[in-house]
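Below is one structure, written out as structure tokens; comments come after it.
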Amino acid sequence: MQGPPNPQKYHITAWFRRGQTAPGRLIDRYFRTTKAKAALLLACLLLWSIAFLSILHQSVAGQEIPGYGRPVKLSCEARLWSNGTNCGLDGDACRPFDQGAFAFRCPASCAEAMVLEPYFIGPQEINYKSLVIGGAPEGGNPADHGVYRGDSAICPAAVHAGIVSNARGGCGVLQRTGEHSGFPAVDKNGVPSTDFPSNFPLSFTFDTENASAERCTDLRWPLFTFTLVVTTVLSLFITSPAAFYSSIYFIIYFQVALSSDPPYSPDYYEVVSIALGRLLPCAFVGFAMYYFCVRYTLTDLEAHWDKTVLWLGPCWVGALNTDTFDKIPISRLTPHDIEQQPGAVPALLIIIGVLVTIVLTQALAFRNEGRMPRMLALYGLLVGGVLALIAVPNMNLRIHHYILSLLFLPGTTMQTRPCLLYQGLLVGLFINGIARWGFDSILQTPGHLLDGGQLGGIQPHITPPVIPSAHNISFSFPDLAPEADGISILVNDVERFHQLKAEDGHIADFNWTRRRDGDPEFFRFGYIQLNALGGVWYQDFTKPVTWDIQGGWNRSTPVVV
1105 MQGPPNPQKY HITAWFRRGQ TAPGRLIDRY FRTTKAKAAL LLACLLLWSI AFLSILHQSV
1165 AGQEIPGYGR PVKLSCEARL WSNGTNCGLD GDACRPFDQG AFAFRCPASC AEAMVLEPYF
1225 IGPQEINYKS LVIGGAPEGG NPADHGVYRG DSAICPAAVH AGIVSNARGG CGVLQRTGEH
1285 SGFPAVDKNG VPSTDFPSNF PLSFTFDTEN ASAERCTDLR WPLFTFTLVV TTVLSLFITS
1345 PAAFYSSIYF IIYFQVALSS DPPYSPDYYE VVSIALGRLL PCAFVGFAMY YFCVRYTLTD
1405 LEAHWDKTVL WLGPCWVGAL NTDTFDKIPI SRLTPHDIEQ QPGAVPALLI IIGVLVTIVL
1465 TQALAFRNEG RMPRMLALYG LLVGGVLALI AVPNMNLRIH HYILSLLFLP GTTMQTRPCL
1525 LYQGLLVGLF INGIARWGFD SILQTPGHLL DGGQLGGIQP HITPPVIPSA HNISFSFPDL
1585 APEADGISIL VNDVERFHQL KAEDGHIADF NWTRRRDGDP EFFRFGYIQL NALGGVWYQD
1645 FTKPVTWDIQ GGWNRSTPVV V
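Quick note, the numbering used here runs 1104 ahead of the 1-based positions in the sequence shown.
Written out as structure tokens, the structure is:
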């Protein structure tokens, strides 16, 4: 445990030392003083800033669709219709249904966007699948882009329709088409869709004449390439560890926060505001990471090619987390998500195996340096803190990737090539976490983590309805739970009944007439509770029950797709 009697600090011996130090010697020859080197670095950063912001501004402000003006900036998850309860009774909060075409702009890589909690589409339940409903060409015409149900995610639907490119993003025009019946599914352009055999009050299609992948190309990859070249040059020529770290840290932060993985807002100036608001606390933690961890790895390092490949390269891999580690089938590191996401358990086992191997090799290296007892004491405190957080009642521990970086960084405070790789990766993950999500809480409520999923609360027990004909159905509610303040009913995923208890506890009957002959309809029931400060809270809704076209009441289990 104590290590050898004469511990030795690790130090990287540069291969081809003369070649690795040549860029630094060139700077020393022409810029002899510290002030001259600082002025040169500031000039380089200023030139990068001007070029970066100019290209970014042009990509945001220089795009217009004739007749529709500047496109609305959307995220890959943006929808016209959020869900049945948020849109209110009859969906009135999500109007208009059949007017108001508008131009929109989608980022790249929206084909991979998916729902992270079970989502009901009529009789079907989807999870970890694109939220695209319908879209099959009508009448067998391949030139027709089809009609999509109103709660489809717009950008994945646009990729599905071929309006925008998944690789480069693009612009299009969305046209609301009002109530529509029948949304057949088809898999196109790498995006699967789900069918819905009934009617929905809001639908949309795309205007093919005004689609523009070229005019609204997502420039994040050209900007990334430009920034990557700049950071590579800086890494090779800067010999000061503090100057290298601080310049790379801020460049990568703004690349992620403004271009590669920015927080979503339809107003890009709001994105800039968010990035600047998170900069100061991010810079403070970045200084702490340098002072307590990074400087031990970078000080007196002459292997600048090693630093560029093994530290800067993995730093970019971590900073582009959305395009790298997000491909691993673990959306969130919580027991709930790991249990339900396909492929999450094998992926987690592989990750644990890799981490155990890294921990053992790092522990051996710390023992050789004689620092094993101190590291065990530090990680004992960290593990104790995590266990204490797990014990907090009514809260769930959520280890965000920026927290993982802070937990693992102390284990990289040696000058070895593996430490360069691990440390760069962890710094990049931290930058991505803060630039994209901010300092999200390590403790979160179960409801916040579910993000629209089932809360595990009580559900109504509905007595069999009265069905006088295939066109009419009636429900009564004699046995509501005492703790419920009312009941809500979704028909075809639209709230059609919202009733609170009267003073005597009575709730009026719900009488419903089939909207369209030949359409099956799907009913779900959920309790309503009143909040102490006003407003209502919806409990879990039941599984869908089908009222078929012959008038039968079918309680079959929903299909999971």
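Ideal Cβ positions, reconstructed from N, Cα and C, are used throughout, including at glycine.
Nothing here was measured: the structure is a model prediction, and the numbers come from that model.
query	result
Quickly, what does DSSP pair Gln-1633 with across the bridge? List them, please.	Trp-1641
Please state if the CB of Gly-1238 and the CB of Ala-1265 are separated by a distance shorter than 8 Å.	no
Tell me which same chain residues have a C-beta within less than 8 Å of the C-beta of Leu-1547, skipping the five on either side of it?	Leu-1493, Val-1496, Met-1499, Asn-1500, Leu-1501, Arg-1502
When DSSP builds the beta bridges, which residues end up paired with Phe-1287?	Phe-1300
Could you give the distance in angstroms between the alpha-carbon of Cys-1397 and the alpha-carbon of Leu-1511?	11 Å
Measuring CB to CB, does Ala-1539 end up less than 8 Å from Arg-1324?	no
Is it right to say Gln-1527 is buried, meaning 16 or more other beta carbons lie within 10 angstroms of its own, or is it exposed?	buried
Let me confirm a value: Ile-1535 is counted as buried when at least 16 other C-beta atoms fall within 10 Å, else exposed. Which label applies?	buried
Counting beta carbon pairs with one atom in the stretch 1511 to 1522 and one in the stretch 1339 to 1352, are three or more of them shorter than 8 Å?	no
Apply the 10 Å Cβ neighbour rule to Gly-1532 and answer buried if 16 or more other Cβ atoms are within range, or exposed otherwise.	buried
By alpha-carbon positions, which one of Tyr-1483, Gly-1188, Val-1375 ends up nearest to Ser-1179?	Val-1375
For the stretch 1200 to 1218 and the stretch 1250 to 1266, state whether three or more C-beta atom pairs, one from each stretch, are separated by less than 8 Å.	yes
So the alpha helix (DSSP H) Thr-1329 belongs to, where does it begin and stop?	1324 to 1341
List the endpoints of the continuous alpha helix (DSSP H) containing Thr-1461.	1448 to 1472
Within 10 angstroms of its Cβ, does Lys-1139 collect 16 or more other Cβ (buried), or is it exposed?	exposed
Beta strand (DSSP E) containing Thr-1281: first to last residue?	Run containing Thr-1281: none; DSSP gives neither H nor E here.
Can you check the stretch 1194 to 1273 for any beta strand (DSSP E) of at least 3 residues that lies completely inside it and give the ranges in chain order?	1206 to 1210, 1223 to 1225, 1228 to 1230
Should Asn-1303 be labelled buried (16 or more other beta-carbon atoms within 10 Å of its own) or exposed?	buried
Going by beta-carbon coordinates alone, are Glu-1599 and Thr-1321 separated by less than 8 Å?	no
Which of the three DSSP states, helix, strand or coil, is assigned to Cys-1523?	helix
Under 8 Å, do Thr-1309 and Tyr-1252 count as touching if we go by C-beta distance?	yes
Rank Gln-1563, Thr-1617, Ala-1574 by C-alpha distance to the C-alpha of Gln-1643 and give the top, closest one.	Gln-1563
Just list the residues that DSSP pairs Ile-1593 with in beta bridges.	Phe-1601, Phe-1629
Under 8 Å, do Ile-1352 and Leu-1416 count as touching if we go by C-beta distance?	yes
Helix, strand or coil for Asn-1548? Go by DSSP, reduced to three states.	In the sequence on display, residue 1548 carries Gln and not Asn. Gln-1548 falls in the strand class under three-state DSSP.
Do you know how far the Cα of Met-1393 is from the Cα of Glu-1406?	21 Å
Can you give me the C-alpha to C-alpha distance between Ala-1588 and Leu-1220, rounded to a whole angstrom?	28 Å
Determine the extent of the alpha helix (DSSP H) in which Ile-1131 is found, giving its start and end residues.	1121 to 1134
On the three-state DSSP scale, how would you describe Thr-1138?	helix
Can you give me the Cβ contacts of Cys-1198 inside the same chain, cut-off strictly under 6 Å, excluding the 5 residues immediately before and after it?	Trp-1185, Cys-1191
Would you give the residue range spanned by the alpha helix (DSSP H) that Phe-1543 belongs to?	From DSSP, Phe-1543 is part of no alpha helix (DSSP H); its letter is neither H nor E.
Please report how far the alpha carbon of His-1504 lies from the alpha carbon of Phe-1543, in whole angstroms.	9 Å
Which residue wins for smallest C-alpha separation from Tyr-1368, given the options Gly-1474, Glu-1181, Gly-1639, Glu-1283?	Glu-1181
Go ahead and pull the three-state DSSP assignment for Cys-1397.	helix
With a 10 Å radius around its C-beta and 16 neighbouring C-beta atoms as the bar for buried, classify Ile-1454 as buried or exposed.	exposed
For Ser-1573, does the count of other Cβ atoms within 10 angstroms reach 16, so buried, or fall short, so exposed?	exposed
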